[in-house]
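Student: I'd like to ask you about the structure that follows.
There are 2 protein chains.
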Amino acid sequence: MAILVTGGLGYIGSHTVVELLNNNFEVVIVDDLSNSERFILKNIEEITGKKPVFYPFDLKRKELLTQVFDAHQIDGCINFAASKAVGESQIKPVDYYENNLFSLINILQEFKERGISNFIFSSSCTVYGQADQMPIDENTPLKLPESVYGKTKQMGEEILMDFAKAYHRKISLLRYFNPIGAHPSGIIGELPIGVPNNLVPYVMQTAAGIREKLNVWGDDYPTVDGTAVRDYIYVVDLAKAHVVALKKLMEDHSDVATIDIYNLGTGKGSSVLEVVKAFETANNVAVPYQICDRREGDITIAYANVDKAQKELNWKSETSLEEALRTVWQWQQYLNTRNA
Amino acid sequence: MAILVTGGLGYIGSHTVVELLNNNFEVVIVDDLSNSERFILKNIEEITGKKPVFYPFDLKRKELLTQVFDAHQIDGCINFAASKAVGESQIKPVDYYENNLFSLINILQEFKERGISNFIFSSSCTVYGQADQMPIDENTPLKLPESVYGKTKQMGEEILMDFAKAYHRKISLLRYFNPIGAHPSGIIGELPIGVPNNLVPYVMQTAAGIREKLNVWGDDYPTVDGTAVRDYIYVVDLAKAHVVALKKLMEDHSDVATIDIYNLGTGKGSSVLEVVKAFETANNVAVPYQICDRREGDITIAYANVDKAQKELNWKSETSLEEALRTVWQWQQYLNTRNA
Numbered sequence: 001m002a003i004l005v006t007g008g009l010g011y012i013g014s015h016t017v018v019e020l021l022n023n024n025f026e027v028v029i030v031d032d033l034s035n036s037e038r039f040i041l042k043n044i045e046e047i048t049g050k051k052p053v054f055y056p057f058d059l060k061r062k063e064l065l066t067q068v069f070d071a072h073q074i075d076g077c078i079n080f081a082a083s084k085a086v087g088e089s090q091i092k093p094v095d096y097y098e099n100n101l102f103s104l105i106n107i108l109q110e111f112k113e114r115g116i117s118n119f120i121f122s123s124s125c126t127v128y129g130q131a132d133q134m135p136i137d138e139n140t141p142l143k144l145p146e147s148v149y150g151k152t153k154q155m156g157e158e159i160l161m162d163f164a165k166a167y168h169r170k171i172s173l174l175r176y177f178n179p180i181g182a183h184p185s186g187i188i189g190e191l192p193i194g195v196p197n198n199l200v201p202y203v204m205q206t207a208a209g210i211r212e213k214l215n216v217w218g219d220d221y222p223t224v225d226g227t228a229v230r231d232y233i234y235v236v237d238l239a240k241a242h243v244v245a246l247k248k249l250m251e252d253h254s255d256v257a258t259i260d261i262y263n264l265g266t267g268k269g270s271s272v273l274e275v276v277k278a279f280e281t282a283n284n285v286a287v288p289y290q291i292c293d294r295r296e297g298d299i300t301i302a303y304a305n306v307d308k309a310q311k312e313l314n315w316k317s318e319t320s321l322e323e324a325l326r327t328v329w330q331w332q333q334y335l336n337t338r339n340a
Numbered sequence: 001m002a003i004l005v006t007g008g009l010g011y012i013g014s015h016t017v018v019e020l021l022n023n024n025f026e027v028v029i030v031d032d033l034s035n036s037e038r039f040i041l042k043n044i045e046e047i048t049g050k051k052p053v054f055y056p057f058d059l060k061r062k063e064l065l066t067q068v069f070d071a072h073q074i075d076g077c078i079n080f081a082a083s084k085a086v087g088e089s090q091i092k093p094v095d096y097y098e099n100n101l102f103s104l105i106n107i108l109q110e111f112k113e114r115g116i117s118n119f120i121f122s123s124s125c126t127v128y129g130q131a132d133q134m135p136i137d138e139n140t141p142l143k144l145p146e147s148v149y150g151k152t153k154q155m156g157e158e159i160l161m162d163f164a165k166a167y168h169r170k171i172s173l174l175r176y177f178n179p180i181g182a183h184p185s186g187i188i189g190e191l192p193i194g195v196p197n198n199l200v201p202y203v204m205q206t207a208a209g210i211r212e213k214l215n216v217w218g219d220d221y222p223t224v225d226g227t228a229v230r231d232y233i234y235v236v237d238l239a240k241a242h243v244v245a246l247k248k249l250m251e252d253h254s255d256v257a258t259i260d261i262y263n264l265g266t267g268k269g270s271s272v273l274e275v276v277k278a279f280e281t282a283n284n285v286a287v288p289y290q291i292c293d294r295r296e297g298d299i300t301i302a303y304a305n306v307d308k309a310q311k312e313l314n315w316k317s318e319t320s321l322e323e324a325l326r327t328v329w330q331w332q333q334y335l336n337t338r339n340a
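Heads up: the protein sequence lines correspond to chains A and B, in order. For the first sequence, the positions run 1 to 340 when the working numbering is used. For the second sequence, the positions run 1 to 340 when the working numbering is used.
Structure, rendered in structure tokens:
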């Protein structure tokens, strides 16, 4: 029995594949390499000493997906495959809806027809928008996300809940806060393709001299130091949450729908400047930055209440911000040697 | 230059094709015949004396859709093709999401790549849920619909608005209230496939003796006679609204996004028992009924404020409830002769 991991060579996907293999799951990866690279597969094998099955194709190709389900006894899926750049999603909405919805629905058709349960969906705290209260727990009202990316996540959640109810299946919607860091081995991490969209990869490249300066978008927010606050969760901790969420679904043999929803964060907010300073301290390196105007669409503050995941999954974040940022710098060194 | 009409042999689609042909549009129909029949095409030709192009395939087959766009100079689309049974959508959610979203997104990919504008979308008053105030105008806040069918309509609206904004295209979202009636020729109308889901086809079949009794779901609502109130719009009036909405988009040569949203109704609510009595009076026939318990998920009352369509499209409903119901009975007589 194998777990299908779509987008399994991507950032969170690759770290989760490592944890699944370490927990003796058989893993079948489908990844179209649109935002990942083949060497990640080799490095997963190096870290774990195990070989996941890998299929390089786009999940919109339903006939190829059907062949994967024919060839393997799939017992669950963790669906990471998705286009995920917020800014790009505004410029290319049709592609985002197509990529993110077709891939999900194609998999659900296979699940439906073959009676498979156990589906874990990569959702995001973006479904809460700027929440009225902090911290954000799972009962916080959802807001229509401003970005197309966020809407594809909210639609995905709706589709999956209807799937679970109609066919009595088991699903988890995992709402990630801000994943950061790389594997402690230093050989898998977040691949910087183009100009990074997220804070930590940009900090990393600035420290490495690839970018001249970090742009800090606004220092007049009502926060500790005026910069925006997020909840940065270490990617390996996040990956482990997928394994426990999956095990919970698989141990549930009832014949009713199960819809688990968990916020995955640390429970603690950090400002942009706190992250910059933590990076400098952790790695003894300078990160030049400049304050810019606020960026449209950015929210002020978001951090999670993580009690539910702790209580129901016995999971919590275990890695400090500084520790996580040390792995980022190790990863940059690895990328330097690869490029050398 | 031709207008693509998807679902053009369906209920509202076929009436709209007639109006388009009467207004000298070239029409290309794509319809998979899943909820329509070929004789409708013949009857459209009989009514109009014109021949639309017809392709019988499922819009999920992107490669066939591309061939249609290659073969014709498509200048706009009216997208009727969709699965539309509310109850069924709860039981088969994955099929509903697949049918209704893939077809829409496949067409938008063609529009995007070929620079085509002018897209008219069949939406529904279901996006308002049970509105807090009557009548419902276009600024009434949307609610997450309870049914999967309704969610596919709300998602379709979101996708189209993002499409229009990103690519500077022109779209209309037409929110139908409750379409009823048949063409005055009596040879196209709402095909009763299986047990009717909607009130008027059920009334028609009860009057015809096909159903024993009409079930009236609840007579203790806070309405004029205790039965639920809806806004019944004559299908030919509704079809004409599509033509004027399309002309408005096509006459707009600006280079910015246009997002038109119109409620299409009569502006007047009628209770279930008022419809039954109007049918009996109009057609001099008895409609036996029994009062049943309320049906879960039914809203109490919904009728439109139609000022916006009147002002901007110079369109309004022109046909009385009784007149509309007379065409229904004519259509039943036609179906009788076909079955004889």
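Cβ atoms here follow ideal geometry from the backbone N, Cα and C, with glycine treated the same way.
How would you list, in chain order, the residues of chain A whose beta-carbon sits under 9 Å from the beta-carbon of residue 204 of chain B?
Tutor: Simply none; closest approach about 31 Å.
Student: Under a three-way DSSP split, which group does residue 331 of chain A fall into?
Tutor: helix
Student: Put residue 130 of chain B into one of helix, strand or coil per three-state DSSP.
Tutor: coil
Student: Could you spell out the range, first to last residue, of the alpha helix (DSSP H) harbouring residue 243 of chain A?
Tutor: 235–251
Student: Would you say the segment 198–209 of chain A touches the segment 283–290 of chain A, given that touching needs at least three Cβ pairs under 8 Å?
Tutor: yes
Student: Output needed in chain order: residues of the segment 54–84 of chain A with a Cβ under 8 Å from some Cβ in chain B.
Tutor: none
Student: Pick from B:158, B:61 and B:26: whose alpha carbon is nearest that of residue 152 of chain A?
Tutor: B:158
Student: Grouping DSSP H, G and I as helix and E and B as strand, with all else coil, what is residue 187 of chain B?
Tutor: coil
Student: Is the CB of residue 11 of chain A under 8 Å away from at least one CB in chain B?
Tutor: By this cut-off, residue 11 of chain A is not an interface position.
Student: Which residue or residues does DSSP assign as beta-bridge partners of residue 179 of chain B?
Tutor: B:233
Student: Residue range of the alpha helix (DSSP H) that residue 205 of chain B falls in?
Tutor: 199–207
Student: Please list the terminal residues of the continuous alpha helix (DSSP H) segment that includes residue 278 of chain A.
Tutor: It spans 272–283 - the alpha helix (DSSP H) in which residue 278 of chain A sits, taken as one unbroken run.
Student: For residue 340 of chain B, count the other beta carbons within 10 Å of its own beta carbon; 16 or more makes it buried, fewer makes it exposed. Which is it?
Tutor: So residue 340 of chain B counts as exposed.
Student: Take the Cβ of residue 256 of chain B as the centre, count every other Cβ of all protein chains shown within 10 Å, and call the residue buried at 16 or more, exposed below.
Tutor: exposed
Student: Flag this pair as yes or no: are the beta carbons of residue 136 of chain A and residue 125 of chain A separated by less than 8 Å?
Tutor: Result yes, Cβ atoms of residue 136 of chain A and residue 125 of chain A sit closer than 8 Å.
Student: Report yes if the CB atom of residue 223 of chain B is closer than 8 Å to the CB atom of residue 300 of chain B, and no otherwise.
Tutor: Yes, these two residues count as a Cβ contact at 8 Å.
Student: My guess is that residue 316 of chain B and residue 19 of chain B are in contact by the Cβ rule of under 8 Å, so how many angstroms apart are they, rounded?
Tutor: So it is not a contact: roughly 15 Å between Cβ atoms.
Student: Hey, how far is the Cα of residue 86 of chain A from the Cα of residue 298 of chain A?
Tutor: 11 Å
Student: Taking only beta-carbon atoms, is residue 97 of chain A less than 8 Å away from chain B?
Tutor: yes
Student: Whose CA, out of B:62, B:74, B:275 and B:36, lies closest to the CA of residue 53 of chain B?
Tutor: Ranking B:62, B:74, B:275 and B:36 by Cα distance to residue 53 of chain B puts B:74 first.
Student: Rounded to whole angstroms, what is the Cα-Cα separation between residue 93 of chain B and residue 332 of chain A?
Tutor: 45 Å
Student: Tell me which same chain residues have a C-beta within less than 7 Å of the C-beta of residue 334 of chain A, skipping the five on either side of it?
Tutor: For residue 334 of chain A, where only same-chain residues beyond five positions count, the Cβ hits under 7 Å are 186 and 187.
Student: Counting C-beta neighbours from all protein chains within 10 Å, is the total for residue 170 of chain B 16 or more, i.e. buried, or is it exposed?
Tutor: buried
Student: Examine chain B for any beta-carbon lying closer than 8 Å to the beta-carbon of residue 162 of chain A, and answer yes or no.
Tutor: So, interface residue.
Student: Which term fits residue 168 of chain B, buried or exposed, when burial requires 16 or more other beta carbons within 10 angstroms of its beta carbon?
Tutor: Around the beta carbon of residue 168 of chain B, a 10 Å sphere encloses fewer than 16 other beta carbons of the protein chains shown; the residue is thus reported as exposed.
Student: Can you list the residues of chain A that residue 91 of chain B reaches, using a CB-CB cut of under 7 Å?
Tutor: 166
Student: Give me the Cα-Cα distance between residue 341 of chain A and residue 270 of chain A, rounded to the nearest whole angstrom.
Tutor: This structure leaves residue 341 of chain A out entirely; chain A is present only between 1 and 340.
Student: Using a cut-off of 9 Å between C-beta atoms, extract the partners of residue 105 of chain B located in chain A.
Tutor: 94, 97, 98, 101 and 102
Student: Which one of B:232, B:291 and B:31 has the shortest CA to CA distance from residue 9 of chain B?
Tutor: B:31
Student: Can you find a CB in chain B that lies within less than 8 Å of the CB of residue 143 of chain A?
Tutor: no
Student: How should residue 347 of chain B be labelled, buried or exposed, when 16 other C-beta atoms within 10 angstroms of its C-beta is the threshold for buried?
Tutor: What is shown of chain B runs 1 to 340, which leaves residue 347 of chain B out entirely.
Student: Using a 10 Å radius around the Cβ and a threshold of 16 neighbouring Cβ atoms, would you call residue 201 of chain A buried or exposed?
Tutor: When all chains shown are included, residue 201 of chain A counts as buried.
Student: Taking any Cβ of chain A, which residues in the segment 107–140 of chain B have a Cβ under 8 Å from it, in chain order?
Tutor: 108, 109 and 112
Student: Using three-state DSSP, classify residue 167 of chain B as helix, strand or coil.
Tutor: helix
Student: Please confirm if the segment 93–105 of chain B is in contact with the segment 261–269 of chain B, defined as three or more CB-CB distances below 8 Å between the two stretches.
Tutor: no
Student: Can you check whether the C-beta of residue 159 of chain B is within less than 8 Å of a C-beta belonging to chain A?
Tutor: In terms of beta-carbon proximity, residue 159 of chain B lines the interface with chain A, with at least one pair separated by less than 8 Å.
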